[in-house]
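K.L.:
For reference, the structure I am asking about is given below.
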Amino acid sequence: MNHFKKGAAVAADLTDDLIIEILSRLPVKSVCRFKCVSWHWYRLISHPEHCKKLPQTISGFFYHNYRPNDEDEWIAFPTSDGISRDQEHLFSDRSLPFLTGYRQILLKNCCNGLILCLCWKDSPTDEADYVVCNPATEEWVVLPDSGDESIARTYRLGFDPAMSPHFHVFEFLEGDEDYGYIADVNIYSSETGVWSHKQNGWGDNEIQIVSTRGVFFNGMLHLLTYQFKILAVDTEGKTWRTISLLETMCVDDICFGPLAFIGQSQGRLCYINMRSNDASKLSVWILEDYIGNEWIFKYNIRTSHLFGEVSGEPFGKKDLMFQRDYALVAIHPECNLIFFVWRCEDMLLSYDMDHGKVFVICSLKEHLYDMPFLPYLPYVPSFSHIGRPRAEA
């Protein structure tokens, strides 16, 4: 007891600035736990100015909303929602209004607080820019044209402020218009401000990537392919990896492609797939040995549990199919929590895999039944400086 009192007395003598300095060197999970020390520490850690110095975790999602313009055309613009009830909105104006000069903004990818957008200009209306922006600092960078005349299959963003203050954008080029095979890759570096061209280093000329499913992890971009492999390339185009999957992880559909999702959580690559012989179950895998490609099975998730708890039906919905009726959109980076969209009920939900609990985050503003799943981009606040606001340019 005396030892506890001495420790408490020492902590009480620490200045607020010193406490924040110490906490800034800890992992996110530890910082979250320290919110429980006292109300003073909770307010200290939650203060907006201190948040700029502390490690952050997922706080919400960006996605598209639609509205008519002056010509009665329906255009897309960004919006967002927080994942906790006391944080309904991430920003007072969620449409990224600092991106001026554009009539329509399409969200493409998000990585550790930065968002990659395709922005269509006010004038000329048939021209667009790829833009990387930071909503927290309202800074943004217009990417130069790569100068490559090949067809770009997809763009992906890579950024990890713990490894580098610079971001990278990957432009994957088609080598075959009929099948969409990937030939080469252009990589943009915010440090140099230029693109570099890299030839396909995976040793396979018949690669089709699933453009909506990828994750930046360990300094490398990881992509799921229709050939049931995970391909990885680093930001310099020097290291190329192919991560094989177990046979039981390879399930696809003729309409929706691979019925799987990849992400990262707690320092490991994660893979979630629908069971081949049972559409009512999802399997969760962890890449335990990243170098040795050793996958470990972790969880089975029953869709009857996921959707039955929300719908109130005792056995839930048994005929729901992954990618048709619902889609996974994120894995929490710090805990065993997944986020998914339920199409027929227009809901964004989370599922705690450790405790088997489902939580409704919000009702979706756009009805999804007659359209493909909108991109729901997990947002982790970052106060890294990537450029200058337009007003200062």
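Under full-length UniProt numbering, the first residue of the sequence shown carries the number 1, and numbering increases by one thereafter.
All C-beta atoms in this analysis are idealised placements derived from N, C-alpha and C, irrespective of residue type, glycine included.
1. Mapping DSSP to helix, strand and coil, what is S30?
2. Within 10 Å of its beta-carbon, does T79 have 16 or more other beta-carbons around it, so buried, or fewer, so exposed?
3. Any chance you could list the beta strand (DSSP E) runs of at least 3 consecutive residues sitting entirely within the region 101-178, in chain order?
4. List the endpoints of the continuous beta strand (DSSP E) containing I75.
5. Residues in the same chain with beta-carbon distance under 6 angstroms from I45, minus the five sequence neighbours each way, listed in chain order, please.
6. Taking I182 as the reference, give the member of E71, G257, W195 and W202 with the closest Cα.
7. Nearest-angstrom Cα distance between D129 and L143?
8. Alpha carbon to alpha carbon, how far is E191 from S304?
9. For the pair the region 122-142 and the region 354-365, tell me if three or more CB-CB distances fall below 8 angstroms.
10. On the CB-based measure, 16 or more other CB atoms within 10 Å of its CB, does E88 come out buried or exposed?
11. Inspect the beta-carbon positions of F216 and C250 and report whether they are closer than 7 angstroms.
12. Might you give, ordered along the chain, the residues of its own chain that have their beta carbon closer than 6 angstroms to the beta carbon of R241, omitting 5 neighbours on each side?
13. Would Q199 be called buried (16 or more neighbouring beta carbons within 10 Å of its own) or exposed?
14. Contact between the region 149-161 and the region 98-115 is defined here as three or more beta-carbon pairs at a separation below 8 angstroms; is this criterion met?
15. Do you know whose CA, among S211, D70 and V380, lies nearest F256's CA?
16. Give every residue of the same chain whose Cβ lies closer than 7 angstroms to the Cβ of Y102, excluding the five residues on either side of it in the sequence, and list them in chain order.
17. Between V284 and the rest of its own chain, which residues show a CB-CB distance below 6 angstroms, the 5 nearest in sequence each way excluded?
18. State buried or exposed for S146, treating a residue as buried only when at least 16 other CB atoms are found within 10 Å of its CB.
19. By DSSP's criteria, D234 is part of a beta bridge. Which residues make up the other side?
P.N.:
According to the structure shown:
1. Numbered from its first residue, the sequence shown carries residue 30 at position 30. S30 falls in the helix class under three-state DSSP.
2. The residue given as residue 79 occupies position 79 in the sequence shown. By the neighbour-count rule (16 or more Cβ atoms within 10 Å), T79 is buried.
3. Within the region 101-178, the complete beta strand (DSSP E) runs of at least 3 residues are 102-111, 114-121, 128-134, 139-142, 152-158 and 168-176.
4. Reading the sequence shown from its first residue, position 75 is the one you call residue 75. Its beta strand (DSSP E) spans residues W74 to G82.
5. Start at 1 with the first residue of the sequence shown, and residue 45 comes out as number 45. So the list reads K35, once near-sequence residues are dropped.
6. For the purposes of this step, residue 182 is taken as the residue at position 182 of the sequence shown. Among E71, G257, W195 and W202, the Cα nearest to that of I182 belongs to W202.
7. For this step, residue 129 is matched to residue 129 along the sequence shown. For this step, residue 143 is matched to residue 143 along the sequence shown. In a straight line, the C-alpha of D129 is about 7 angstroms away from that of L143.
8. For the purposes of this step, residue 191 is identified with residue 191 of the sequence shown, where counting begins at 1. For the purposes of this step, residue 304 is identified with residue 304 of the sequence shown, where counting begins at 1. C-alpha separation (whole angstroms): 48 angstroms.
9. These segments do not touch.
10. Taking the sequence shown and counting its residues from 1, the one referred to as residue 88 is at position 88. Low local confidence applies: a pLDDT of 47 at E88 is under 50, so the model's placement there is unreliable, and no value is given.
11. For the purposes of this step, residue 216 is taken as residue 216 along the sequence shown, with counting starting at 1. For the purposes of this step, residue 250 is taken as residue 250 along the sequence shown, with counting starting at 1. No; because the gap between Cβ atoms is not below 7 angstroms, this pair is not in contact.
12. One-based indexing of the sequence shown puts residue 241 at position 241. Answer for R241: A232, listed in chain order.
13. Position 199 of the sequence shown holds residue 199. Q199 is exposed by the Cβ-count criterion.
14. Contact between the region 149-161 and the region 98-115 is present: 3 or more CB-CB pairs across the two stretches fall below 8 angstroms.
15. Residue 256 sits at position 256 when you count from the first residue of the sequence shown. Answer by Cα proximity: S211.
16. Working through the sequence shown from its first residue, we reach residue 102 at position 102. Same-chain partners within the cutoff: C119, W120, K121 and D122.
17. Start at 1 with the first residue of the sequence shown, and residue 284 comes out as number 284. Here V284 has I272, K298 and Y299 as same chain residues with Cβ atoms under 6 angstroms from its own Cβ, once five neighbours each way along the sequence are excluded.
18. For the purposes of this step, residue 146 is taken as the residue at position 146 of the sequence shown. When all chains shown are included, S146 counts as buried.
19. For the purposes of this step, residue 234 is taken as the residue at position 234 of the sequence shown. In the DSSP assignment, the residues bridged to D234 are M220.
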